[in-house]
Amino acid sequence: MRKLLTSGAVAVGMLLASCTPANRVVENPLIGAANTMTLDFPKIELSDTATVLHVDAYFRPHNWIRIDAGSYLLADGQKYMLQGSEGILPDSLFWMPDSGEASFVLKFGPLPRGTKSFDFIESDCDDCFKLYGVDLTGKKEYPRYPEGLPRELRKAPEDGPVPEPILAVGTTTVNVRLLGYRRGMAKEVAMYVNSLLNGQEEHTAAIDPESGMATLRFEQYGTAMAYVSCGPVFGMCWIAPGETLDMYVDMGAGGRAVVQRRDKEREPAPGRRLYTTGTYADLNAQVDASGGSSIRMNLYSGDFADYRMSADEYTQMVVSKYESLADSIAHSPVSGMMKELSLLTLQQEALTAISMGGFFLAHNYRSVNNEWDYRVEPDYEFASLKPEHYTAVAGLFDINNLKLLMGIDLSDYVNAVSRSYTDVEWADLVHATDGIVYDLPKVVGLPSKAENNALTQEDLDLLHSLREPFYAEACEAMQARVRKELESVKDVRIETTPEVAVDKLFDAIVAPYKGKVVFVDFWNTWCGPCRASIKANEPLKSGELKSDDLVWIYIANETSPLVAYKTGIAKIAGKHYRLNDTQWKYLCEKFRIDGIPSYVLVDRDGSYKLRNDFRDRVPEGPAVIGVAEAENNRVLTDLVSQPAISNYKFVHYEGP
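What follows is the structure, encoded as C-alpha cells:
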C-alpha cells in the first residue's frame, strides 16, 4: 500500500509539472531575501530553452557595477549557469547613467517545469549579488511573521510612555538570531552603539553559518540607542546596560524592500526587521514598525535657515518651527509612545538648532552659493546669538529632562548641553543645580581620557563631587577595562613621532622612505569610512600592490581611543603614527584636509600632494577590491615603476 501511494504521488507530481506552460512570464515576483538593493527582477521569462531575467539596476550615477560571468541560478540544488546577456557585458564594468537607474537582460539555462523558486547567485564570492527565493508561483503577499519567530514576539507592542533611561554600568549580551539566513547573505553582525558618554562604538560578531546566530558582548555605560546592520538589513533599537536579550533579525526584509521599490504607491509589506526581548522591547517594536520619527526639523537640509536672518529672526524661526512641529506630532495618527519619542527628538533638534545657530546660517549660505569647501570661511558676517536667544528656546520645554537621553538625536543633544557648540551656561539659564545640563559640561572630555588611560586624581575627585554617581562609576569602569585590554596589545607598535617643529613634522615622517612611493592615510578609529576603506585595501598589500617600493603610513590622532587604536592597527600592515591635537590640526591645515579618510601621495623624489581623488566608490554587491577603472587595473610592478601612482584608485566606502 505504501508503495502504491508513493507511486501515485509521483505520478500526480509529474502530471502537475507537465501541465505547467512551457513558455510563460512571471511579472513582479516576490523576492524572499537579498543581500543588495542594487538589482531587481521585475520580469522573468520561462521556456524550455532558457530562463530570462529582466534586470533593473539602481546605483549611484557615474559609478559602476559588474556582473560576474560565473553567475548562476540555483533551484532544487541544481545550478543553471549564465549563458548570455543583453545590454551588459559580464565581467566588465557597467557605468550607471545620470539617473542612477539602468536595465539589462541575463539569460540562463532553462529551469525544469514546475520550479517554484530559485536563487540568483552572482558567482560564489562572499560579497557578490545574491537574491534568494525568487518566487515563480505568482504569490502576491508575504507572510506576516518570519518563520522561526517565537510566538511571544508575534504580537502588537504595548503602548505607554517612553521608558526611562537607565544610568548604570554593565556587561550587555545580545544574542542575534538571523531568521531565514542563508550562506552568503552576510558574514558578521555589526552594532553601532550610541551612548551618553563615549559616543558611538562599533561591535561586531561573526555569524555561525550553520545556525545563523551571532553573539555580541560589550561593556555598556547607560541606556544606549544602537544601529544594527547585517547585510542589507538595517535597524534601530534601544538597549539597557547589563542586560542579556535576544534579537531576531528578519533577513527577508531585504527582499521586501526590493519589491516595495517597484511601486511606491504600494502598501508596505507586512513584517518588521528587528524583534527584541528586554527592557525596551515595546519601544523597539514601535520604532521598527514605524521606521522612526518622521516629523523633523531637518536641520542639515541646507534650507533650514536663511543666512541673512538676524539673531532675533533666527530664534523666532526656531521657536515657530518647534511649536508647529510639536502640534503636528500631537495630532499625528501614531501611538502615544511614538508621539513622545518624536517630541523628545524634536526637542533635541530645537536645542541643537539654537546652539549651532551660526553653523546653520553658514550652512544655508554654502547651500545657496554652492560653496562646500569648509576650509574656506564664507565671505559673510552672520548674526551672533546672545543669552536671550538661548533662553527663548530653553523656555519651550524642560531641557534638563532625563528622558531627552532617549531621543534619536542623542549625540547632538549631548554636544549642545555640554557646550561643545556654544559657551552658553545652560544650567545657569534654567537655574539647575544638578541633572544633565549641570553634569555634562563638567564631565565632557573625561570619558575620552578614561578611554586613553589618562584620568587623573583631580578628574576622579570632580566625578565623585557630582550628585549622580553614574559618571564616576562609568569613567572608572572604562579606565579599568582599558588597562586590562592594553595588556593584550602591549606589543603592538606605534611609531615614535619625530621630535621636530610642527612645520617639519610631515617631512620628518616620510624622510626615511625617500626613493620609494609613500601612501599616507589620514584616519581615526571612529571613522566608519576610514575603517571600511582600510579593510578593503588590506589584501592589496599581499596581492597586486606587494612591493618593497611602496610604503603605507597611517596617521591618526588621540581622539582614537588607545585600546581601539592599538587593536585596530594590529591588523593593518604599515607604519602607524598617533599625533596630538596640535600636530593633527597643523597637518590638516597644511594639506587643506576637509575630512577623513584623506590621502597624501609622496613621490620617489620626496614631493607630495593631497590625493583625495583616491576616494573612490564601489558597489555594495560585487566588492572588486581597489580598482575603479579597467584601464587602471595595473599590477604593483607597473605602478611603482612610475614616479607616482598617478591613476590608481583605492577603495573608499561611505559608512553609517
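If you're matching positions, the sequence shown starts at 15 in my numbering and goes up one per residue. Glycine included, C-beta positions come from ideal geometry on N, C-alpha and C.
SER398 and ALA182 have their C-alpha atoms spaced approximately 39 angstroms apart.
DSSP, reduced to helix, strand and coil, places TRP537 outside both helices and strands of the structure shown, so it counts as coil. A direct Cα-Cα distance of roughly 21 angstroms separates LYS335 from ASN415. In the three-state reduction of the DSSP assignment, LEU210 falls in the coil class. Taken in chain order, the complete beta strand (DSSP E) segments of 3 residues or longer contained in the stretch 88-176 are 92-100, 115-122, 131-135, 144-149.
Around the beta carbon of ASP448, fewer than 16 other beta carbons sit within 10 angstroms, so the residue counts as exposed. DSSP places THR229 in the uninterrupted beta strand (DSSP E) bounded by 227-235.
Under DSSP, THR573 forms no beta bridge with any residue.
ASN189 sits in a strand when the DSSP states are folded into three classes. Here ASN538 is buried, its C-beta having at least 16 other C-beta atoms within 10 Å. Taking all protein chains in view, the Cβ of VAL66 is crowded by 16 or more other Cβ atoms within 10 Å, so the residue is classified as buried. Here the C-alpha atom of VAL69 lies approximately 10 angstroms from the C-alpha atom of GLU100. The stretch 102-109 and the stretch 123-131 do not touch, with fewer than 3 CB-CB distances between them shorter than 8 angstroms. Nearest C-alpha to GLN234 among ALA219, ARG270, PRO43, ASN212: ASN212. DSSP places ARG38 in the uninterrupted beta strand (DSSP E) bounded by 38-41.
Runs of alpha helix (DSSP H) with 4 or more residues, each lying fully within the stretch 413-459, are found at 424-431, 440-443, 450-457, listed in chain order. With contacts defined by Cβ atoms closer than 8 angstroms, ILE368 and SER342 do not form a contacting pair. Around the beta-carbon of GLU572, 16 or more other beta-carbon atoms lie within 10 Å, marking it buried. Relative to the Cα of GLN92, the nearest Cα in the group ILE135, THR291, ALA376, GLY194 belongs to ILE135. Here THR50 is buried, its C-beta having at least 16 other C-beta atoms within 10 Å. With fewer than 16 neighbouring CB atoms inside 10 Å of its own CB, THR510 falls in the exposed class. In the structure shown, ARG592 falls within a strand segment according to DSSP collapsed to helix, strand and coil. Excluding sequence positions up to five before and after ASP595, its CB lies within less than 8 angstroms of the CB of ASN571, GLU572, all in the same chain and listed in chain order. A distance below 8 angstroms between beta-carbons, with the five flanking residues on each side excluded, links MET323 to the following residues of its chain, in chain order: MET331, LEU375, ALA397. The secondary-structure analysis by DSSP pairs SER612 across a beta bridge with PHE536.
A residue is called buried when at least 16 other Cβ atoms come within 10 angstroms of its Cβ; HIS377 meets this threshold and is buried. Put simply, of SER346, VAL333, ASP320 the residue whose alpha carbon is nearest the alpha carbon of SER381 is ASP320. Look at MET205 here: in three-state DSSP terms it is strand. Setting aside the 5 residues that flank it on each side, ASN298 is surrounded in the same chain by CYS251, TRP252, LEU288, THR290, each with a C-beta closer than 7 angstroms to its C-beta; the list follows chain order. If you draw a straight line from the Cα of LEU167 to the Cα of GLY256, it comes to about 22 angstroms. Setting aside the 5 residues that flank it on each side, ASN429 is surrounded in the same chain by TYR435, each with a C-beta closer than 7 angstroms to its C-beta; the list follows chain order. Look at the beta carbons and you see the stretch 213-229 touching the stretch 189-198: at least three pairs across the two are nearer than 8 angstroms. By DSSP's assignment, HIS217 forms a beta bridge with MET205. Straight across, the Cα-Cα distance linking VAL176 with MET420 is about 8 angstroms. Around the beta carbon of MET95, fewer than 16 other beta carbons sit within 10 angstroms, so the residue counts as exposed. Classified as buried, GLU215 has 16 or more neighbouring CB atoms from the shown chains inside 10 Å of its CB.
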